[in-house]
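Structure record follows, encoded as structure tokens.
Residue numbers (full-length UniProt numbering), protein chains in the order written: chain A, 1 to 451; chain B, 1 to 451.
This is the structure in structure tokens:
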């Protein structure tokens with residue numbers, strides 16, 4: 001039976017199986033979901049065992065478990081390490097979901113659920129591709145290791161020590177990751193770069209109590225005024241970041257890179273229309289693809305303080321909060337960027353307001369040369385299934401562990417993504433287009449056989 | 001029996017009675033509390049009836065009920081209209097209350113509860129002062145009307161039409177209101193001015209969905225960036241309001257007014273210490289008392305958007321919100337100010353972001369001449385009880401209906417407050433100092449008898 005026929009014959013059953021996994025609310029950022037992370041890890045371990053993988057382990061960490069499995073019966077053949085994650089992002093604002101985030105629903109050929117594309121759905125493809133080869137051919141053409149973690153959305157805190165402690169066990173010739181996207185339907189891409197990340201939380205305090213705006217208004221500092229005027233100093237009015245030294249280590253865009261970006265032929269008008277935007281926004285002199293692929297950012301992810309209820313409350317709030325993340329490129333060092341932002345904030349905070357800053361995640365940017373043989377083989381595999389060769393792109397997201405993997409295991413990383421850019425990662429109504437579910441299975445099979 | 005002895009003899013019983021009223025969570029801003037507003041109005045009507053007042057009515061409105069009562073058996077004597085409110089402010093942040101806001105608790109001679117000082121506690125004084133005179137002397141020295149509403153904290157929407165429709169019924173020689181404060185313990189004050197108020201809610205929208213900051217960060221507008229940079233344009237860095245024409249109609253401070261303000265002898269260092277502030281904040285060239293008493297403000301009461309949970313969420317929010325109120329003085333017109341703010345916001349909103357603005361409350365500032373006979377009699381009454389004459393001050397707060405009352409009924413308004421400035425109005429741990437509970441009862445008796 002062809003692989004295509006094989007996968008078609010058990011499609012419903014496999015989707016039902018994936019839905020089970022997606023029903024587990026494994027939100028790593030919320031400690032209330034700790035048990036769900038364990039449940040999602042156990043579900044994964046069972047599924048790996050049933051798929052024919054060996055040495056399946058649920059490795060406990062200080063955070064959420066890492067699941068390992070392998071199948072090492074192809075002596076002399078390359079070893080592939082598959083990395084992915086079973087944790088998901090928070091789901092608020094919940095009221096914007098058409099169907100509940102943890103009650104997977106298929107509509108118009110798309111599977112809707114938190115984690116459908118990021119990343120349970122894509123990890124599932126690898127398990128089912130391996131199972132398929134084992135069922136069809138009784139052996140694998142390569143040696144396989146899988147390392148699936150539960151802390152990707154909270155900066156993979158436990159993975160680096162696990163990796164260092166298990167360097168021999170994880171040693172591989174190529175690291176294979178499906179946690180990125182096609183450029184658009186039918187247009188596959190292999191990411192040759194990821195942005196780094198750093199995050200911080202800022203709190204501004206003024207008086208020791210909320211105050212009545214009648215009795216005190218005009219005469220005391222307002223924590224929201226202080227925070228808002230502080231945050232407004234972080235950008236210039238062209239979207240650039242105004243923090244001193246922020247752009248040190250950011251590479252100039254070569255004309256070669258600009259050509260590569262231009263090949264993506266992103267239609268900015270279509271993008272605007274699909275996002276309901278009158279205009280895009282960002283640094284002058286760069287296209288959207290360049291801004292996202294090759295430029296660093298500083299984003300406000302959350303700002304809050306004072307009264308949020310119905311109606312009016314004439315209060316002067318005593319505290320206000322901001323959550324900030326930066327995407328980093330080139331040689332920007334996350335700790336150095338955090339230090340620069342802190343200095344900027346301390347310099348610009350208004351008199352009478354007190355500033356507290358808490359560091360969060362830190363990850364360096366990652367880059368790989370597209371001419372690497374493993375990347376070329378991956379492009380061949382895409383061509384087998386999609387009928388078109390993958391483009392080599394830079395991805396704006398961060399998978400913090402990729403840079404660590406590549407450095408620690410000294411192996412090339414193939415980012416073979418099957419998502420789509422409009423699948424609402426980290427937003428309400430996340431989904432996975434099932435066309436790429438079907439083609440993803442075949443592409444992975446093809447890649448493993450080509451190795 | 002002296003009034004002092006009378007009130008002492010039933011002090012516990014009266015405080016228990018007040019506690020019952022304070023236990024009813026009559027938060028007018030939250031529609032979920034609708035039934036509690038009715039309950040608080042019914043409680044008030046019963047208490048008025050038991051106190052000996054007549055024609056007690058719970059008048060239903062489109063919002064919360066207005067409670068009316070009178071006692072009109074002193075022909076040829078002046079008629080006093082007592083105004084107050086039984087609605088209270090919201091209570092969040094709840095975790096900052098030492099005891100629950102609707103479980104009244106007496107500690108260190110202070111009664112803690114939402115509404116203790118603003119304004120149930122102060123309304124209660126009038127009822128019990130009238131009851132005392134009726135019990136002690138079997139008649140009142142004046143004619144009395146009471147008009148107690150349930151929408152003061154949400155801008156008294158139903159009262160103006162009630163007032164217009166019942167102008168004859170409410171006609172009086174003086175309007176008596178206890179909803180303000182002494183300057184400090186033992187230092188009574190009669191407010192001769194209130195600031196006006198206007199409010200608005202601002203929403204900024206960007207894309208039609210929250211976006212992943214990796215896939216889109218740097219290339220699309222962020223609703224929080226747009227809101228924060230917009231709000232930052234509303235003030236200069238001296239605390240002044242930057243909206244074009246905002247200060248039109250604001251009177252210059254005469255040297256006479258400055259002298260009057262200076263008499264309050266507010267110790268700014270002590271104020272800073274009590275609020276836990278390193279420094280006060282406000283327009284250059286004005287003292288704290290002047291800033292609050294004679295200058296207009298524009299305050300952010302709430303700002304929110306994006307992720308507010310635990311940890312990090314790398315999201316670009318699609319919407320962000322701000323709640324804004326202004327305190328107005330002199331001839332500033334609330335609608336005109338709202339229009340000016342709207343023009344400012346529309347002018348400064350960044351490209352790619354959409355702005356929605358919703359009008360809220362509107363009230364003009366109020367002022368009265370301190371030489372009015374009714375104000376002088378009130379100062380005498382304070383002197384009888386506190387041993388010191390009340391100062392004539394300007395109050396920074398707004399009681400929107402006062403200006404309407406004064407205009408519609410063409411009568412002087414005596415603002416005879418018994419609160420204290422640090423009693424946490426509109427904030428956690430609101431309380432009422434019982435020294436002023438005791439003295440308030442006697443001062444009201446004295447005022448009614450002096451008329």
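Think of the CB as a built atom: it goes at the ideal place given N, C-alpha and C, for glycine as much as any other residue.
Any beta-carbon of chain B closer than 8 Å to the one on residue 281 (chain A)? Answer yes: the Cβ-Cβ gap between residue 281 (chain A) and chain B drops below 8 Å somewhere.
Do the CB positions of residue 145 (chain B) and residue 81 (chain B) come within less than 8 Å of each other? The answer is yes: Cβ separation under 8 Å.
Once you ignore the five residues that flank residue 422 (chain B) on each side, which residues in its own chain have a CB closer than 7 Å to its CB? 274
In whole angstroms, what separates the C-alpha of residue 228 (chain A) from that of residue 241 (chain B)? 15 Å
Starting from the Cα of residue 155 (chain B), find the closest Cα among B:403, B:121, B:441, B:210 and give me that residue. If we check each option's Cα against that of residue 155 (chain B), B:403 comes out closest.
Extract the residue ranges of the beta strand (DSSP E) inside the UniProt domain "Peptidase M20 dimerisation" (192 to 350) of chain A, only unbroken runs of 3 or more that lie entirely within it. 196 to 205, 297 to 306, 319 to 328
By DSSP, does residue 142 (chain A) sit in helix, in strand, or in coil? In the structure shown, the three-state DSSP call for residue 142 (chain A) is coil.
Just curious, the beta strand (DSSP E) that residue 454 (chain A) is in, first and last residue? Limits of chain A in this structure are 1 at one end and 451 at the other, which puts residue 454 (chain A) out of reach.
Counting C-beta neighbours from all protein chains within 10 Å, is the total for residue 374 (chain A) 16 or more, i.e. buried, or is it exposed? Buried is the call here.
Evaluate residue 327 (chain B) with the Cβ neighbour count: other Cβ atoms within 10 Å of its Cβ, from every protein chain shown; 16 or more gives buried, anything less gives exposed. buried
Between residue 361 (chain B) and chain A, is any beta-carbon pair separated by less than 8 Å? yes
What's the C-alpha gap between residue 428 (chain B) and residue 30 (chain B)? Computed Cα separation, rounded: 17 Å.
DSSP state of residue 356 (chain B), grouped into three classes? strand
Under the assumption that residue 302 (chain B) contacts residue 306 (chain A) (Cβ atoms under 8 Å), give the Cβ distance between them as a whole number of angstroms. 4 Å
Less than 8 Å between the CB atoms is what I'm expecting for residue 114 (chain B) and residue 430 (chain B), so what's the real figure, rounded? 5 Å
Quick one, which of A:255, A:312, A:340, A:442 has its alpha-carbon nearest residue 359 (chain B)'s? A:312
Any idea what DSSP makes of residue 186 (chain B), helix, strand or coil? coil
By alpha-carbon positions, which one of B:420, B:103, B:109 ends up nearest to residue 434 (chain B)? In terms of CA proximity to residue 434 (chain B), B:109 leads the group B:420, B:103, B:109.
Does the separation of the CB atoms of residue 84 (chain B) and residue 210 (chain B) fall below 8 Å? no
For residue 371 (chain B), is the classification buried or exposed, using 16 other Cβ atoms within 10 angstroms of its Cβ as the cut-off for buried? exposed
Boundaries (first-last residue) of the beta strand (DSSP E) holding residue 393 (chain B): 391 to 395
Residue environment, residue 73 (chain A), which counts as buried when at least 16 other CB atoms sit within 10 Å: The residue is exposed, with fewer than 16 neighbouring Cβ atoms inside 10 Å.
Start and end of the alpha helix (DSSP H) containing residue 401 (chain A)? Residues 400 to 409.
Mapping DSSP to helix, strand and coil, what is residue 31 (chain A)? Reduced to three states, the DSSP call for residue 31 (chain A) is helix.
What's the C-alpha gap between residue 353 (chain B) and residue 221 (chain B)? 7 Å
Which residue from A:351, A:136, A:325, A:150 puts its Cα closest to that of residue 238 (chain B)? Closest option to residue 238 (chain B), Cα to Cα, is A:351.
Pairing CB atoms from the region 403 to 421 of chain B with CB atoms from the region 158 to 168 of chain B, are three or more of them under 8 Å? Contact holds: three or more Cβ-Cβ distances are below 8 Å.
Within 8 Å of any Cβ in chain A, is that where the Cβ of residue 120 (chain B) sits? Between residue 120 (chain B) and chain A, the shortest Cβ-Cβ separation is not below 8 Å.
Closest to residue 366 (chain B) by C-alpha separation, out of B:393, B:440, B:345, B:342, would be which residue? B:393
Starting from the beta carbon of residue 308 (chain A), find every residue of chain B whose beta carbon is closer than 7 Å, and list them in chain order. The answer, in chain order, is 302, 304.
Looking at residue 189 (chain A) and residue 253 (chain A), is the spacing between their C-beta atoms short of 8 Å? no
Can a CB atom of chain B be found closer than 8 Å to the CB of residue 164 (chain A)? By this cut-off, residue 164 (chain A) is not an interface position.
If you reduce the DSSP assignment to three classes, tell me which class residue 179 (chain B) lands in. coil
Buried or exposed: where does residue 265 (chain B) fall if 16 or more other Cβ atoms within 10 Å of its Cβ makes it buried? exposed
Looking only at C-alpha atoms, which of B:183, B:43, B:50, B:78 sits nearest to residue 66 (chain B)? When only C-alpha atoms are compared, the closest one is B:43.
Under 7 Å Cβ-Cβ, which residues of chain A neighbour residue 207 (chain B)? Within 7 Å Cβ-Cβ: 275, 276, 277.
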